[in-house]
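Structure first, commentary second.
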């Protein structure tokens, strides 16, 4: 089943919780897709906050490597931090993702490398 986008966006402050570089960019002009900054892992990394019929989803790429890291505010290993674009910004981004997840538990945060997300979404993919 494909998710149809709904025009009702999350409150602006929800999207701003993810963005360290100012206002989120409203991609379609209706609030259904908002581009948010996710700096720290790679320069210019972004995420996408989308409102769908099934609920809101934050496509957070490498905003964290595991949902557990967001839930428990658990930073990556020192070696992993060292390999990132900006380890200090990475830690701040993790704190913002943690705060966002606590404030908006209804939003599914999809991370590229998370086995929990693979298990959750893998069951929904035919």
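Residue numbers (this note's numbering): 5 to 130. Glycine residues also receive a C-beta, built at the ideal position from the N, C-alpha and C atoms.
(request) Classify residue 131 as helix, strand or coil using the three-state DSSP reduction. (result) Absent from the model: residue 131. The displayed extent of the chain is 5 to 130, so no value can be given.
(message) If I measure Cβ to Cβ from residue 71 and keep anything under 6 angstroms in the same chain, skipping five residues before and after, which residues do I get?
(response) On the chain shown, position 67 is the one that residue 71 refers to. Once the five neighbours on either side are set aside, the close Cβ partners of residue 71 are 118, 120.
(request) Count the other CB atoms, across all protein chains shown, that sit within 10 Å of the CB of residue 106; report buried if there are 16 or more and exposed otherwise. (result) On the chain shown, position 102 is the one that residue 106 refers to. Classification for residue 106: exposed.
(message) Please classify residue 68 as buried or exposed, where buried requires at least 16 neighbouring CB atoms within 10 angstroms.
(response) Numbered from 1 along the chain shown, position 64 holds the residue referred to as residue 68. Counting Cβ neighbours within 10 Å, residue 68 comes out buried, since at least 16 surround it.
(message) Along the chain, where does the beta strand (DSSP E) containing residue 54 start, and where does it finish?
(response) Residue 54 sits at position 50 when you count from the first residue of the chain shown. Looking at the DSSP string, the run of the beta strand (DSSP E) that includes residue 54 is 50–56.
(request) On the DSSP bridge assignment, give the partners of residue 34 in chain order. (result) For the purposes of this step, residue 34 is taken as residue 30 along the chain shown, with counting starting at 1. None, per the DSSP bridge assignment.
(request) Please report the residue range of the beta strand (DSSP E) in which residue 60 lies. (result) Here residue 60 corresponds to residue number 56 of the chain shown, with the count starting at 1. From DSSP, the beta strand (DSSP E) with residue 60 extends over 59–63.
(message) Give me the residue from 58, 57, 62 with the minimum Cα distance to residue 51.
(response) Position 47 of the chain shown, counted from the start, is the residue given in the question as residue 51. Cα-wise, what sits closest to residue 51 is 62.
(request) Please classify residue 94: does DSSP put it in a helix, a strand, or coil? (result) Position 90 of the chain shown, counting from 1, holds the residue named residue 94. Looking at residue 94 - three-state DSSP - the assignment turns out to be helix.
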